[in-house]
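So the sequence shown is numbered by our numbering: it starts at 27 and just counts up by one.
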Amino acid sequence: MKRIYPDFAYSDAPRAGCWWDETCNILSRPPLGEDHRCDVAIIGGGFTGISAALHLAQAGVSVAVLESRYVGWGASGRNGGFCCLGGGMLNNQQLDKTFGRQSRDEWRQAEKASIQFVEGLIDRFGMDVDRHSNGETQLAHRASDFEKMKGDLEYYAKSYGVEARLTPKSELASEGMNAGFEGAITVPIGFGLNPRKYITGLAGAAEAAGARIFHDTPVTAIARPGTGFELTTPHGKLRADKVIVATNGYSAEDLPDWLAGRYMPTQSSIIVTRPMAEAELHAQGWTSGQASYDSRHLLHYFRLMPDNRMLFGVRGGLMATPDSEARAIKRARADFDAMFPAWRGVETPNSWSGMVCIARNRMPFVGQVPDSPGLFASLCYHGNGVAMGSYCGGLLADLVQGKTPDQIYPKAVQRPLAKFELGRWRRAVMPFAYAGFALKDR
């Protein structure tokens with residue numbers, strides 16, 4: 027298995043202090059211990075893979091999920107818990123130029139539909155996911171950013187059919203959002219949740235429908251011994267008619283070989299405070315439960331959770347070593363203290379990191395791997411995988427069965443991933459990109 031980060035990035039160490047792990051147990055599931063056969067094999071037990079497994083099992087398809095560690099071990103069980111718009115990085119002008127106006131509209135509606143898709147799953151299966159926040163709020167880092175937000179009102183109305191709301195700087199404190207920002211825009215779509223509770227509920231629903239999930243079962247090779255596929259694992263082989271690769275930022279260059287150079291894992295780090303008293307919240311002037319992020323290129327994302335812990339996330343280190351991990355967490359704490367000075371004495375006992383995944387052409391890919399009949403993949407959600415990853419799992423369930431998807435399937439996600447420059451050394455461009463973003467954020 028070829029990966030582009032050191033082994034440390036794929037170990038348990040980066041997630042050792044994850045707060046979500048203290049909130050919800052993951053069922054113990056055995057590894058694949060002998061040869062097995064199914065209609066569809068899924069590599070990866072995150073939002074995409076488990077969503078696909080659920081919808082396939084509900085359709086009567088025999089499905090098995092092979093997860094290298096346990097359900098939600100990767101980004102799906104350690105992210106910030108923002109179920110929100112996003113998934114791609116192309117703006118409307120770029121979408122129009124590349125795919126056309128109709129396809130742009132399809133993509134925007136798919137973003138909205140992905141949130142509704144997750145809402146539907148939560149409601150249908152009665153999941154308790156600690157849901158909160160009425161939409162999502164972006165806070166202006168600079169006065170010029172707030173001026174741009176005024177123009178975004180029309181964008182949200184035309185793209186998603188919703189009425190966004192502006193909050194000038196003078197009113198932020200009255201809305202419980204005192205952190206030195208120049209204003210804000212709130213979009214009434216999306217919410218915050220506990221991602222570990224969500225992925226746990228999703229896995230339980232998939233198993234109840236008939237899916238089989240194997241833990242501690244890394245796939246080391248994909249072969250075609252005639253018809254169908256054969257997946258090799260340490261303790262057994264799985265034969266399947268079709269295969270879904272749903273590994274996102276934890277993908278390998280050779281599973282399948284087509285992925286080599288076509289995805290870029292980037293690290294994100296999170297700290298979480300202890301529960302704060304009401305007096306502490308009022309001392310800072312931040313009492314809002316809104317899922318929030320700022321307008322920086324190297325953005326911060328943060329939200330006050332229902333138990334008054336503050337979650338605060340930043341783009342993480344670039345090297346994926348113990349030292350770089352420590353530096354990323356230290357920087358997160360420094361940024362937190364600068365944004366919320368009244369909380370400098372508040373402990374942050376939980377900290378961890380994980381990898382999001384970006385594409386060279388800045389849009390997800392969902393579909394059949396080129397020139398590989400029966401082999402499907404979905405990845406590159408650009409840090410917004412709670413909603414879009416779940417949604418794409420539903421798309422894959424239909425595509426694998428040869429059906430035209432019931433959900434919106436935008437042309438923008440049907441385009442195969444392009445290769446990054448420098449191949450497996452593509453991480454070398456990231457320090458320069460981050461330095462450029464940091465200059466723009468001043």
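Don't be surprised by glycine CBs; every beta carbon is placed ideally from N, CA and C. None of these values were measured; they are calculated from a predicted model.
Counting of Cβ neighbours within 10 angstroms places Trp451 among the exposed residues, the total staying below 16. Relative to the Cα of Ala169, the nearest Cα in the group Trp369, Leu264, Gly187, Pro194 belongs to Pro194. The beta carbons of Tyr276 and Tyr435 sit about 25 Å from each other, so the pair does not count as a contact at 8 Å. DSSP, read as helix, strand or coil, puts Ala346 in coil.
For the set Asp267, Ala136, Val155, the Cα lying nearest the Cα of Gly252 is the one of Asp267. Look at Gly230 here: in three-state DSSP terms it is helix. Boundaries of the alpha helix (DSSP H) around Phe73: 73-84. Note on geometry: alpha-carbon atoms of Trp369 and Ala247 lie some 49 Å from one another. In the DSSP secondary-structure assignment, Val392 is bridged to Ser404.
Counting only residues of its own chain and dropping the five nearest sequence neighbours on each side, Arg191 has a CB closer than 6 Å to the CB of Thr212.
Secondary structure at Trp378: strand, using DSSP grouped into helix, strand and coil.
From the listed residues Pro260, Trp378, His241, Ser196, the smallest Cα separation to Gly72 is found for His241. DSSP places Thr292 inside the beta strand (DSSP E), whose first and last residues are 290-298. Taken through DSSP and simplified to helix, strand or coil, Gly98 comes out as coil.
The DSSP-derived three-state label of Asp178 is helix. In the structure shown, Tyr224 falls within a helical segment according to DSSP collapsed to helix, strand and coil. Judged by DSSP secondary structure, His308 falls within the alpha helix (DSSP H) whose first and last residues are 304-310. In the structure shown, Ile52 adopts coil according to DSSP, grouped into three states.
Here His261 is exposed, its C-beta having fewer than 16 other C-beta atoms within 10 Å. Leu401 places its beta carbon 9 Å or farther from that of Pro244. Beyond the five residues adjoining it in sequence on each side, Leu330 comes within less than 6 Å, by CB distance, of Gly315, Met336 in the same chain, given in chain order. Secondary structure at Asp65: strand, using DSSP grouped into helix, strand and coil. Contact between the region 90-104 and the region 218-234 is present, with at least three C-beta pairs closer than 8 Å. Three or more Cβ pairs drawn from the region 230-238 and the region 88-95 lie within less than 8 Å of each other, which places the two stretches in contact. Going by beta carbons, Gly113 and Met389 fall inside the 9 Å limit. Of all C-beta pairs linking the region 286-304 to the region 363-381, three or more are shorter than 8 Å, placing the two stretches in contact. Looking at the DSSP output, Phe338 shares a beta bridge with Ile297, Phe328. By the 16-neighbour rule on beta-carbons within 10 angstroms, Ala438 is buried. In the DSSP annotation of this structure, the continuous segment of the alpha helix (DSSP H) that includes Val426 starts and ends at 411-426. Approximately 6 Å separates the beta-carbon atoms of Asp361 and Val340; this is inside 8 Å, confirming the contact. Separation of the CB atoms of Gly98 and Ile68 is rounded to 14 Å, and the pair is thereby denied contact status at 8 Å. The C-alpha of Ile270 lies about 12 Å from the C-alpha of Ser77. Within the same chain, and ignoring the five residues on either side of Arg250 in sequence, the residues whose Cβ sits closer than 8 Å to its Cβ are Glu256. Cα atoms of Gly216 and Cys109: separation of roughly 5 Å, rounded to the nearest angstrom. In the DSSP assignment, Gln142 falls within the unbroken alpha helix (DSSP H) covering 127-150. According to DSSP, Gln164 shares a beta bridge with Ile211, Tyr319.
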